[in-house]
Amino acid sequence: MITFNYETDFTLENESSLENWIQKIILKHDCEEGEINYIFCDDAYLHKLNVEFLQHDTLTDIISFDNSLGKLINGDIFISVERVEDNAKDFKVTFLEELQRVMIHGVLHYIGFTDKTEEDQKEMTKQENASLLMLI
Numbered sequence: 310m311i312t313f314n315y316e317t318d319f320t321l322e323n324e325s326s327l328e329n330w331i332q333k334i335i336l337k338h339d340c341e342e343g344e345i346n347y348i349f350c351d352d353a354y355l356h357k358l359n360v361e362f363l364q365h366d367t368l369t370d371i372i373s374f375d376n377s378l379g380k381l382i383n384g385d386i387f388i389s390v391e392r393v394e395d396n397a398k399d400f401k402v403t404f405l406e407e408l409q410r411v412m413i414h415g416v417l418h419y420i421g422f423t424d425k426t427e428e429d430q431k432e433m434t435k436q437e438n439a440s441l442l443m444l445i
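Residue numbers (our numbering): 310 to 445.
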């Protein structure tokens, strides 16, 4: 079950189509959907989590807490709408494009992709791009 929660005024307009898309990505990687909670928030909310749980005193666009059990995908994905908006401008893409990339990024982590090394980052970007094409 995929749920969308809001700690800010922002809301998604197309929850059901995004839910279907995320489910397709999970199945494509031979995994099973468990409970995935998206929490959309602002910079201050996510910064507090970053400091408290990860000891990182920086702003970030996403923090994901992975509770997956093997191939059963579970977790909480916190997304700063403010950071996504700023990053979209920096990367010269639409807000929606950047939001969708960040949303699937968290799920790809749960599936097993990482972004610790340059090589891992390239693979993650490749997986994000392939996933975004499945949304069209």
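Where a beta carbon is used, it is the ideal one built from N, C-alpha and C, also for glycine.
Taking 7 Å as the cut-off, decide whether the C-beta atoms of residue i and residue j are in contact.
{"i": "residue 413", "j": "residue 394", "result": "no"}
{"i": "residue 381", "j": "residue 343", "result": "yes"}
{"i": "residue 362", "j": "residue 390", "result": "no"}
{"i": "residue 440", "j": "residue 335", "result": "no"}
{"i": "residue 366", "j": "residue 419", "result": "no"}
{"i": "residue 347", "j": "residue 386", "result": "yes"}
{"i": "residue 384", "j": "residue 345", "result": "yes"}
Could you have a look at residue i and say whether DSSP puts it in helix, strand or coil?
{"i": "residue 434", "result": "helix"}
{"i": "residue 396", "result": "helix"}
{"i": "residue 324", "result": "helix"}
{"i": "residue 351", "result": "coil"}
{"i": "residue 441", "result": "helix"}
{"i": "residue 364", "result": "coil"}
{"i": "residue 415", "result": "helix"}
{"i": "residue 390", "result": "helix"}
{"i": "residue 422", "result": "coil"}
When burial is assigned at 16 or more other CB atoms within 10 Å of the CB, is residue i buried or exposed?
{"i": "residue 416", "result": "buried"}
{"i": "residue 399", "result": "exposed"}
{"i": "residue 353", "result": "exposed"}
{"i": "residue 318", "result": "exposed"}
{"i": "residue 364", "result": "exposed"}
{"i": "residue 407", "result": "buried"}
{"i": "residue 370", "result": "buried"}
{"i": "residue 323", "result": "exposed"}
On the DSSP bridge list, what partners appear for residue i?
{"i": "residue 385", "result": "346 and 374"}
{"i": "residue 311", "result": "345"}
Please report the distance separating the alpha-carbon of residue i from that of residue j.
{"i": "residue 431", "j": "residue 405", "result": "22 Å"}
{"i": "residue 425", "j": "residue 355", "result": "21 Å"}
{"i": "residue 329", "j": "residue 311", "result": "9 Å"}
{"i": "residue 443", "j": "residue 326", "result": "11 Å"}
{"i": "residue 359", "j": "residue 388", "result": "12 Å"}
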